[in-house]
Amino acid sequence: MRHRTSVKALVVGLAAVTAIAGCGREESGGDDSSAAPGITDTTIKVGSSFPLSGPLAGLGTAARGGVLAYLGAVNDAGGVTLSDGVARQIELVDYDDGYDPARAVQNYQRLVDQDEVFGVMQTFGTATNLAIMERAQQLEVPHVFTHSGAPALSGDQEAHPWTVGWRPTYAGEGAAYGEYFAAQDRPLRVAVLSQNDDLGEAYLSGFEEAIEGSQVEIVAEQTYEPSDATLDSQITNLASSDADVLFSAVAFPNLQTGLLKRAREIGWSPTIAVITITSSIQKVVEPAGVTDEDDVISANFVKAPDDPQWAEDDDVAEFVSRMEQYSPDADPQLANAAWGYGAAATLVAALEGMEDLSRQGLMDSIHQLEGEIPMLLPGVTLDGTSSSEPPIHGYRLQEYADGRWNLLDETGS
Amino acid sequence: MSSLGTSRPMTGLPRWARLTATALLVVAVVSLPLNASPFVNLQLSIVLATAVALLGLDVLTGWTGQVSLGQSAFYGIGAYAVAVCTARGWPLLVGLAVTVLIAGLVGAIIAIPAVRLRGYALSMVTLALPVVAVPLAKRLDGLTGGSPGLATRTVSAPEWSGLDNDQWRFLVIALISAAVFLLVRNVLKGRHGRALATIRSSEVLATAMGIPVQRYKVGAFVVAAACGGVGGGLYVVAVQFISPETLIVTFSISLLAVLVIGGLRSTLGPLLGAAFYVLVPNVTGAVDAGQSYLLYGLCVLLVMFLLPGGLASAVHRVLAGAARVLPGSRPAVPDLPSQHPIPAPPLPEREVR
Numbered sequence: 001m002r003h004r005t006s007v008k009a010l011v012v013g014l015a016a017v018t019a020i021a022g023c024g025r026e027e028s029g030g031d032d033s034s035a036a037p038g039i040t041d042t043t044i045k046v047g048s049s050f051p052l053s054g055p056l057a058g059l060g061t062a063a064r065g066g067v068l069a070y071l072g073a074v075n076d077a078g079g080v081t082l083s084d085g086v087a088r089q090i091e092l093v094d095y096d097d098g099y100d101p102a103r104a105v106q107n108y109q110r111l112v113d114q115d116e117v118f119g120v121m122q123t124f125g126t127a128t129n130l131a132i133m134e135r136a137q138q139l140e141v142p143h144v145f146t147h148s149g150a151p152a153l154s155g156d157q158e159a160h161p162w163t164v165g166w167r168p169t170y171a172g173e174g175a176a177y178g179e180y181f182a183a184q185d186r187p188l189r190v191a192v193l194s195q196n197d198d199l200g201e202a203y204l205s206g207f208e209e210a211i212e213g214s215q216v217e218i219v220a221e222q223t224y225e226p227s228d229a230t231l232d233s234q235i236t237n238l239a240s241s242d243a244d245v246l247f248s249a250v251a252f253p254n255l256q257t258g259l260l261k262r263a264r265e266i267g268w269s270p271t272i273a274v275i276t277i278t279s280s281i282q283k284v285v286e287p288a289g290v291t292d293e294d295d296v297i298s299a300n301f302v303k304a305p306d307d308p309q310w311a312e313d314d315d316v317a318e319f320v321s322r323m324e325q326y327s328p329d330a331d332p333q334l335a336n337a338a339w340g341y342g343a344a345a346t347l348v349a350a351l352e353g354m355e356d357l358s359r360q361g362l363m364d365s366i367h368q369l370e371g372e373i374p375m376l377l378p379g380v381t382l383d384g385t386s387s388s389e390p391p392i393h394g395y396r397l398q399e400y401a402d403g404r405w406n407l408l409d410e411t412g413s
Numbered sequence: 414m415s416s417l418g419t420s421r422p423m424t425g426l427p428r429w430a431r432l433t434a435t436a437l438l439v440v441a442v443v444s445l446p447l448n449a450s451p452f453v454n455l456q457l458s459i460v461l462a463t464a465v466a467l468l469g470l471d472v473l474t475g476w477t478g479q480v481s482l483g484q485s486a487f488y489g490i491g492a493y494a495v496a497v498c499t500a501r502g503w504p505l506l507v508g509l510a511v512t513v514l515i516a517g518l519v520g521a522i523i524a525i526p527a528v529r530l531r532g533y534a535l536s537m538v539t540l541a542l543p544v545v546a547v548p549l550a551k552r553l554d555g556l557t558g559g560s561p562g563l564a565t566r567t568v569s570a571p572e573w574s575g576l577d578n579d580q581w582r583f584l585v586i587a588l589i590s591a592a593v594f595l596l597v598r599n600v601l602k603g604r605h606g607r608a609l610a611t612i613r614s615s616e617v618l619a620t621a622m623g624i625p626v627q628r629y630k631v632g633a634f635v636v637a638a639a640c641g642g643v644g645g646g647l648y649v650v651a652v653q654f655i656s657p658e659t660l661i662v663t664f665s666i667s668l669l670a671v672l673v674i675g676g677l678r679s680t681l682g683p684l685l686g687a688a689f690y691v692l693v694p695n696v697t698g699a700v701d702a703g704q705s706y707l708l709y710g711l712c713v714l715l716v717m718f719l720l721p722g723g724l725a726s727a728v729h730r731v732l733a734g735a736a737r738v739l740p741g742s743r744p745a746v747p748d749l750p751s752q753h754p755i756p757a758p759p760l761p762e763r764e765v766r
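If you're matching them up, the sequences are chains A and B in order.
At position 179 of the first sequence (counting the first as 1) the number is 179 in my numbering, and the numbers step up by one without a gap.
Remember, my numbering sits 413 above the position in the second sequence when you count from 1.
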């Protein structure tokens, strides 16, 4: 009978609500004899959150792929041996956030409550990580090696002891170009193009700080919006300044490609500094038709897998084969994959260095990290001792010639 | 009995059943956070925040028939107002009062000229709101934290309560949401609701009946804006973070879509729509993260094909069935939501017997 069914449905529904309400709250992070939450005798569970859907899905999948590739190789080699002498497998639990801060926060909370992870690493993006940061301090669950170069994530680790970035900051990259030009010790007129937000500001502020008191001078500034379809008008305006240098802090590969082409079309050939996010040979430099006559430089901190100069490199060969084996769906040519891979390597080093198998122990270990991890450019170092900088330090400047990025030596000649 | 019974899911149920159900609901809402995990409390808090914003949109779109694409902007105003106020250590209620004031004022400023426009023109005007709001939130970085966003510790559980922060936040959000729902429901219950319904069916008819059409449309717009603001404010209480990305126009479109999925002109509609918006992506993401948008889209289509009146219509049907058999029920056949997303309203003064 339909009516009876309806009544039953109503009763069952209300009963279900009360039943849910009656479920006991399980105490998580139990203080029983075993080790910290997320660590058993055989496994360590770590969590993450990436945009695996939406416009940034490709980048998020690459970052996740990099993490899985490194952890997969470590696990197959027996796992990570902690200070108690027991080798454990590292298990990654991750969720999609679609680059929505609210979902990233939910994922973080879910990883802590439901999955009871030991810590969270490589969460992707600036807004998403800033959203998680406050909660991480309240829950006291490690939120480490973020997939973002925003200075705020590592800038004040005393106020935010549970959060730390990984890659060197955007401001640091801006400073690297500034120092390079300042070190040339001759009058240089610079035109700057940057994104009209905190990302662009970080690049610009780093650059300005580095050229202070030198003969380098900014003579023209333009900004763009991420929604801009082309940068033609900006480049025309900048070209009219006839500057010697164009600092192109453009964060979108297609815009950077268009800009490099356009500059050539209008016959403007300054020294162009392109930022690391848009320095891919396959995706930007080659499509833009950059030749050896052009004077193009870029800074980086990891070896780009699509750069022929690293084709024979052991790190890169291992990275590429592990990506194929463990993360066939991710694009290893995207820099995000190399960052995820390096961050996972850093995590493993930090886990190995833990004296005390606790969440605090992990944070302490991070602040003692020193040494080498795969995929970093020569001269770029791992050093977790600073409380105002992320653990990866330094950029190397490179000049484009012969189809590859050639490392410039430290003095920049 | 009102002919607009669709706004009250339990109309038609006998009094004892209504009271029992309400009592059970209150007990459930109060005891739920005490037992659920912080993750569940966070999810439910976001559901309630979204539901309040949807409720406002329902007044404008469901009741008055005006499609707005600007709700995310009001959501943003509320979110930033509460974030900025609580970051300065002001009490939440002050933040919410500021929210209602600013969102309502902006709503009125937009509405007064906009409601004179006909048809799609209002939607086009409201479309401009998020388009302006996002860069504005980025530019006013001294106040809003610029494009990275603003993180803030909103409300914490007071010592005497003995509760955890997530439990306290949920209860605060539930209390404020309940107050807003009751307020809006009571306003719509009487002649105001009938007036809006008449305007929706025919502005000419409404004018002929002496209903001040423009004033009602402005009123509906202001209520929608204020509710959108309060919803955004509650979102910040739960998430403790707001960035300009949350204000984008696609969020407005999503709100409109999930309102239809939840069901128009129903108290339950905004709640179910909000639950759909927040919970379904978490489920589809667990099934296959790479295809989560596709699966979400499939869920949207399924609901619209199987339940064109929205999720609420299914609940209404169950309740209507219950009303027929429970002892003490009135013999009347209660209104069911129409099968159309924006159905023609019943004639305003007709009594259903």
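We put the beta carbon where it would ideally sit given N, CA and C, even for glycine.
Checklist entry - Is residue 134 of chain A close to chain B, meaning its C-beta is less than 8 Å from at least one C-beta of that chain? => result Yes, its Cβ sits closer than 8 Å to a Cβ of chain B.
Checklist entry - Under 8 Å Cβ-Cβ, which residues of chain B neighbour residue 53 of chain A? => result Residues of chain B passing the Cβ test: 698, 702, 703, 704, 705 and 706.
Checklist entry - When you compare only the Cα positions, how much space is there between residue 119 of chain A and residue 358 of chain A? => result If I take the Cα positions, the gap works out to 10 Å.
Next on the checklist: In chain order, what are the residue ranges of uninterrupted beta strand (DSSP E) at least 3 long that sit wholly in the stretch 58–114 of chain A?
Outcome noted: Counting only runs of 3 or more, we get 87–96.
Checklist entry - Buried or exposed: residue 454 of chain B, going by 16 or more other Cβ atoms within 10 Å of its Cβ? => result Burial call: buried.
Checklist entry - Enumerated in chain order, which unbroken segments of the alpha helix (DSSP H) with a length of 4 residues or greater are wholly contained in the stretch 301–328 of chain A? => result Within the stretch 301–328 of chain A, the complete alpha helix (DSSP H) segments of 4 residues or longer fall at 314–326, listed in chain order.
Checklist entry - Does any C-beta atom of chain B lie closer than 8 Å to the C-beta of residue 101 of chain A? => result Judged by the 8 Å Cβ criterion, residue 101 of chain A is in contact with chain B.
Item to check | Contacts around residue 669 of chain B, its chain only, beta-carbon distance under 8 Å, and the 5 residues preceding and following it disregarded | outcome: Within the same chain, residue 669 of chain B has close Cβ partners 470, 474, 480, 481, 482 and 484.
Item to check | Cβ-based burial, residue 562 of chain B [other Cβ within 10 Å; buried from 16] | outcome: It is buried - the Cβ of residue 562 of chain B has at least 16 other Cβ atoms within 10 Å.
Checklist entry - So, does the CB of residue 122 of chain A fall closer than 8 Å to a CB anywhere in chain B? => result Chain B, which has no Cβ nearer than 8 Å to the Cβ of residue 122 of chain A, makes this no.
Checklist entry - Residues of chain A with CB under 7 Å from residue 566 of chain B, in chain order? => result The contacting residues are 134.
Checklist entry - If you compare alpha carbons, which of A:148, A:205, A:189 and A:186 is closest to residue 176 of chain A? => result Of A:148, A:205, A:189 and A:186, the residue nearest in Cα terms is A:205.
Next on the checklist: For a contact defined as C-beta to C-beta under 8 Å, what are the partners of residue 572 of chain B on chain A?
Outcome noted: What residue 572 of chain B touches in chain A: nothing, since even the nearest Cβ is about 16 Å away.
Item to check | For residue 97 of chain A and residue 49 of chain A, believed in contact at Cβ under 8 Å, the rounded distance | outcome: The C-beta separation of residue 49 of chain A from residue 97 of chain A comes to about 5 Å, placing the pair in contact by the 8 Å criterion.
Checklist entry - Under a three-way DSSP split, which group does residue 431 of chain B fall into? => result Assigned with DSSP and collapsed to three states, residue 431 of chain B falls in helix.
Next on the checklist: Strictly under 8 Å for the Cβ-Cβ distance: is residue 426 of chain A near chain B by that measure?
Outcome noted: The structure shown has nothing for residue 426 of chain A, since chain A only spans 1 to 413.
Item to check | Beta carbon of residue 277 of chain A nearer than 8 Å to that of residue 259 of chain A | outcome: Not a contact, by the Cβ cut-off of 8 Å.
Checklist entry - Buried or exposed: residue 718 of chain B, going by 16 or more other Cβ atoms within 10 Å of its Cβ? => result The C-beta of residue 718 of chain B has fewer than 16 other C-beta atoms within 10 Å across all chains shown, which makes the residue exposed.
Checklist entry - So which residues on chain A does residue 451 of chain B lean against when the C-beta distance must stay under 7 Å? => result Taking the beta carbon of residue 451 of chain B as reference, the chain A residues within 7 Å of it are 109 and 113, listed in sequence order.
Next on the checklist: Are the CB atoms of residue 566 of chain B and residue 134 of chain A within a distance shorter than 8 Å?
Outcome noted: With contacts defined by Cβ atoms closer than 8 Å, residue 134 of chain A and residue 566 of chain B form a contacting pair.
Next on the checklist: Let me confirm a value: residue 405 of chain A is counted as buried when at least 16 other C-beta atoms fall within 10 Å, else exposed. Which label applies?
Outcome noted: Residue 405 of chain A comes out buried.
Checklist entry - Where do the N-terminal and C-terminal ends of the alpha helix (DSSP H) with residue 677 of chain B fall, by residue? => result Looking at the DSSP string, residue 677 of chain B is not in any alpha helix (DSSP H), and its letter there is neither H nor E.
Next on the checklist: Checking 8 Å against the spacing of the C-beta atoms, do residue 270 of chain A and residue 243 of chain A come in under that value?
Outcome noted: Yes, the pair counts as a contact, with Cβ atoms nearer than the cut-off.
Checklist entry - Quick one, are the C-beta atoms of residue 202 of chain A and residue 168 of chain A less than 8 Å apart? => result Between residue 202 of chain A and residue 168 of chain A, the C-beta gap is not smaller than 8 Å, which leaves the two residues out of contact.
Checklist entry - Tell me, which residues are paired with residue 415 of chain A by DSSP? => result No information on residue 415 of chain A is available, as it lies outside the stretch 1 to 413 that chain A covers here.
Checklist entry - Taking the continuous beta strand (DSSP E) assigned at residue 383 of chain A, which residues delimit it? => result For residue 383 of chain A, the enclosing beta strand (DSSP E) begins and ends at 381–383.
Item to check | Collapsed DSSP secondary structure at residue 575 of chain B in the structure displayed | outcome: Note: residue 575 of chain B maps to coil in three-state DSSP.
Next on the checklist: Looking at the secondary structure, which residues open and close the alpha helix (DSSP H) in which residue 630 of chain B lies?
Outcome noted: Start and end: 626–652.
Item to check | Residue from A:84, A:81, A:89 and A:196 whose Cα sits closest to the Cα of residue 44 of chain A | outcome: Residue A:89 holds the alpha-carbon nearest to the alpha-carbon of residue 44 of chain A among A:84, A:81, A:89 and A:196.
Checklist entry - Thinking C-beta only, is residue 255 of chain A closer than 8 Å to residue 238 of chain A? => result Not closer than 8 Å, so no.
Next on the checklist: So with CB distances below 7 Å, who are the chain B contacts of residue 126 of chain A?
Outcome noted: Ordered by position in chain B, the residues that pass the 7 Å Cβ test against residue 126 of chain A are 561.
Next on the checklist: Distance check for residue 677 of chain B and residue 394 of chain A, CA to CA, integer angstroms please.
Outcome noted: Cα-Cα distance, rounded: 56 Å.
Checklist entry - Any idea what DSSP makes of residue 299 of chain A, helix, strand or coil? => result In the three-state DSSP reduction, residue 299 of chain A falls in the strand class (E or B).
Checklist entry - Of all Cβ atoms in chain B, is any one closer than 8 Å to the Cβ of residue 284 of chain A? => result No - not a single Cβ of chain B is within 8 Å of the one on residue 284 of chain A.
Item to check | Reference residue 638 of chain B; option with closest CA among B:487, B:501, B:716 and B:462 | outcome: Per the C-alpha coordinates, the member of B:487, B:501, B:716 and B:462 positioned closest to residue 638 of chain B is B:487.
Checklist entry - Which residues does DSSP pair with residue 249 of chain A in a beta bridge? => result BP columns for residue 249 of chain A point to A:194.
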